[in-house]
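The structure under discussion appears below in the form of structure tokens.
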Amino acid sequence: MAAMSVIGIDFGNDNCYVAVARAGGIETVTNDYSLRNTPSCVAFGRKSRILGVAAKNQMVTNMKNTIYNFKRLLGRKYNDPQVQCERQTLPFKMTQQTDGSIGIHVQYQGEEHVFSPEQITAMLFTKLKDISETALQTAVNDCVISIPSYFTQSERQALLDAARIAGLNVLRLFNETTATALCYGIYKQDLPAPDAPPRNVVFVDCGQAGLQVSICAFHKGKLKMLSSAADSQLGGRNIDSILAEHFCQVFKKRYNLDVHTNPRAYLRLLAEVEKLKKQMSVNSTTLPLNIECFMDEKDVHAEIKRTEMEDLCSHLIKRIEATFVQCLVDSKLKLEEIHAVELAGGSSRVPAIKRLVEEIFGRPVSTTLNQDESVARGCALQCAMLSPAVRVREFSVTDIQPYPLKLTWDATQGEEGEMEVFGHNHAVPFSKMLTFYRTSPFVLTASYSLPPPYYPQTRIGTFTIKNIRATPEGESAKVKVKVRVNLNGILTISSASLIEKREPTQQEKEEEDAQQQQQQLNNMDVDQQQEKKDKSDQDAQANEPPATEVSMDKTRRNSDADDGGRGARGSAPSYSSRILSWFSSGDDKGDEKGKKKVSVRTVDLPIEANICGLSLRDLDSAMEKEGKMTAEDRQEKERVDARNALEEYVYDLRSKLSEEDQLATFITEADKESLSCTLDVTEIWLYDEGEDCQRQVYSERLTRLKSLGEPIKERKSEFEGRSQALEELGGALQLAKKSLDQIKAANPKDDKYSHLTEEEVKKIEKAVQEKWTWLEDKRMVLASISRTQQPPITVAQIRAEKQALDNVVIPILNKPKPKAEPPKEEKPKDKDADEQKMNNQNREANAHNHTNQQTEQEEKMDVE
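Per the UniProt record's numbering, residue 1 is the first one in the sequence shown, and the count goes up by one each step.
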């Protein structure tokens, strides 16, 4: 699994988390700041982009070139009311592009650049991908990205485009509440069996920018989302805005400061208010707010209590309550059927929201999940399930899509031209087969049955079914269109086919007649069995939602009208079985004796889709631009690292030259003055002409400095390690000499070295004598040189001499003694034969005695 890791990305409005599925389980990786969360910020500098933590750290100082809250801009047009509302609070510049989309203006590399929200998101994904690859030490491509459940198709497609620009292969866009439910359920060992009532759990996710609540039914090995409700304009940042506005009024009254006239001061106030909100979650006392040098060089002070904050946010609490009630109503569950309520998201820690959850659902809140990381972990689990390279416990996930979807078309021959294909909270992924009768190409328009909240457009896109022609008889051709909501929650026309009928050739007729005769001989009651099979197939079709098929034939319009469109919302399976049965009966009649036999051929039809999202040309251009900027960022990082390395070496070497216990005693005064002058010149150059040089220039200067400084460090290192190396060699020589003395003085019969040969002993003597002479000579040489001179003998050479001595002495001294074999005592052959004969006689005597005893016992029993 380590060779091919899969990741899950929790793409939040304020922060992002990345989790990875590995052999040890699911783990949240840390970024280059050792933090588990990476801010959703992208900034632009004079030379490169700044992403994540570094971008947020300079948000106040580089305000107009730091982009944040861009998740709210994905998939929307410039004139969207939500975009206009966001634009009022964001300090960077946005304009309308020629196609109506959003253009974000920044200063980058000395020029003004315009980026789309998809490109900005791709830059953040590039950073998250780099964090993952650094943590895993392997390439990362496959991923699952979380999205809010209320995202429309346009927003989902924009996120897919952004991931593609970043070079990520998205296996699935996963609803955040479903990811939380998967993280909760896959580790539960006590879930009910499939035939038992489900365990219903409520998941409340209140994040920085949105509120989501869902109810999920769990069985062992599977989960099914029952309902979902959301408020995309209600989150932690709404509370921050209310508190910030409250303090703006206080400061205006108390200090006569209008905070709204200074965007930088307002950003600082938002940051302080967010900290204060977190403190109020755990503290009900009065808390102070102090900001130094806030505006006009004035320090400001204010205070607030938790009860005051709840009064200010009372209208938000009512909206939260309405969302909870809507989800409960859609689930059609009673309060006693709810098993638990789980919280996720940072803003769910607010005490007022916790109390409201307990009041609405009648259950104490549970926080068994990691409220910040559960979404990322659920995405990593889903990615592992979808990836063929990872083995995960089987767990079925049935999600839902939030908005009802319909198709409209130009009606012909009296048929209706509109149909709701997927209703509210319909299961996904899901497919339906629609049947049309046409003589020419036609267009299907996909749209929402009801306008999504806070989203102005209802139209999704159009699909043109091409290459349709009338039958040879001039009648309408039968066209089957497969409509699908895929894993990403996106509506597509996945396929369209033309059903053609033609008369079989003479050879085909003869082959079919032979097959029918053989079938009649083998099975006389085939008709009865076929009727049973057809009936069972229809029943199975009725119970399998993905097999839905709806006909648009005018001859059935009157009978279909009685359904009132219910087929697309839940009664479609039974209606489908009627349609299939109708087609089947027509085919049976064609097979009757005396009728012309007709074969059916399916022809795939091309589909031209005109939907939201970037065109292939724009996508390729954005990918090319992202790759170029990534390469420039890499080059700039290497340049900055080289400059920092040179600067660090200058300061480090200068400080050590001035310290007596460092390098001061290992260099002459003249050389020290010369080197110090070189260091001063280099430092001045770094902050003047060398501010923006190429990486190679810094590397060359560092190499020249090291040629002067490293010999001094080597002399110090040699001096400090020399004594120990000499002692180790001397100790080894003394031990070898002591062993030689034992060999010469000991008794050969009981000495442990008695097995050594004379040649081996002489070899040890020679090695000891040579190394001893070498050691005495080098000690005299080393004693005559000063610290400022390069030593003629290095520590490595001394240790090499010791190793050479050990290679000779140790194998000989550790040579094992040969084992002495014990003497063997041989017995005479005639003695062995006598003993064998005696043993045989004893065994025969014992057997005879045993037989006599048994006979006596039997006779005694007879007498008795």
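All C-beta atoms in this analysis are idealised placements derived from N, C-alpha and C, irrespective of residue type, glycine included.
- S476 sits in coil when the DSSP states are folded into three classes, being neither helix nor strand.
- Taking a cut-off of 8 Å for Cβ pairs, the region 49-67 and the region 147-159 do not touch, as fewer than three such pairs fall below it.
- In chain order, G709 place their CB closer than 6 Å to the CB of L653, counting only its own chain and leaving out the 5 sequence neighbours on each side.
- The beta-carbon separation of T464 and P441, rounded to 6 Å, stays under the 8 Å limit for a contact.
- Under DSSP, T38 takes part in a beta bridge, and its partners are C16.
- L211 carries a strand assignment under DSSP once its states are collapsed to helix, strand and coil.
- Taking 9 Å as the cut-off, the beta carbon of K129 is found closer than this to the beta carbon of G167.
- Across the structure, D190 and I493 are spaced so that their CA atoms are roughly 41 Å apart.
- Ranked by Cα distance from K305, the options L173, V365, H246 and D410 are led by H246.
- Boundaries of the beta strand (DSSP E) harbouring Y437: F430 to R438, taken from the DSSP string.
- For Y448, the enclosing beta strand (DSSP E) starts and ends at F442 to Y448.
- Counting along the chain, C85 sits inside the alpha helix (DSSP H) bounded by residues P81 to R87.
- Assigned with DSSP and collapsed to three states, C612 falls in coil, not helix or strand.
- For R459, the pairing in a beta bridge is given by DSSP as S447.
- Counting other Cβ atoms within 10 Å of its Cβ, Q515 stays below 16 and is therefore classed as exposed.
- Between the alpha carbons of Q789 and E373 lies a gap of roughly 60 Å.
- D161 and T121 have their alpha carbons spaced roughly 9 Å apart.
- In the DSSP assignment, P288 falls within the unbroken beta strand (DSSP E) covering L287 to M295.
- A Cβ-Cβ separation of about 6 Å places T367 in contact with L343 under the 8 Å criterion.
- The Cβ-Cβ distance between P429 and N486 falls below 9 Å.
- Judged by DSSP in its simplified three-state form, R76 adopts coil rather than helix or strand.
- Counting only runs of at least 3 residues, the region 365-438 fully encloses the following beta strand (DSSP E) elements, listed from N- to C-terminal order: 396-401, 405-409, 418-422, 426-428 and 430-438.
- Residue state for F174 is assigned as strand, using DSSP reduced to three classes.
- The C-beta distance from S40 to K71 rounds to 7 Å, short enough to fall under 8 Å.
- Note on the region 96-160: whole beta strand (DSSP E) runs with a minimum of 3 residues are 102-108, 111-115 and 142-147, in chain order.
- Nearest C-alpha to D399 among D692, Y266 and S227: S227.
- Taking D671 as the centre and dropping the five residues before and after it, the same chain places no C-beta closer than 6 Å to its C-beta.
- Taking the Cβ atoms as the reference, A21 lies roughly 7 Å from S5, within the contact range of under 8 Å.
- In the DSSP assignment, N238 falls within the unbroken alpha helix (DSSP H) covering G236 to Y255.
- In this structure the region 260-270 does not lie against the region 219-233, because fewer than three pairs of beta carbons, one per stretch, are closer than 8 Å.
- By the neighbour-count criterion, in which a residue is buried when 16 or more other Cβ atoms sit within 10 angstroms of its Cβ, Y698 is buried.
- With fewer than 16 other Cβ atoms inside 10 Å of its own Cβ, P194 counts as exposed.
- Rounded to whole angstroms, T630 and V140 show a C-alpha spacing of 16 Å.
- Rounded to whole angstroms, the gap between the alpha carbons of V282 and E358 is 18 Å.
- F324: member of the alpha helix (DSSP H) spanning S314 to S331, first to last residue.
- According to the DSSP assignment, M780 belongs to the alpha helix (DSSP H) that extends over E758 to A783.
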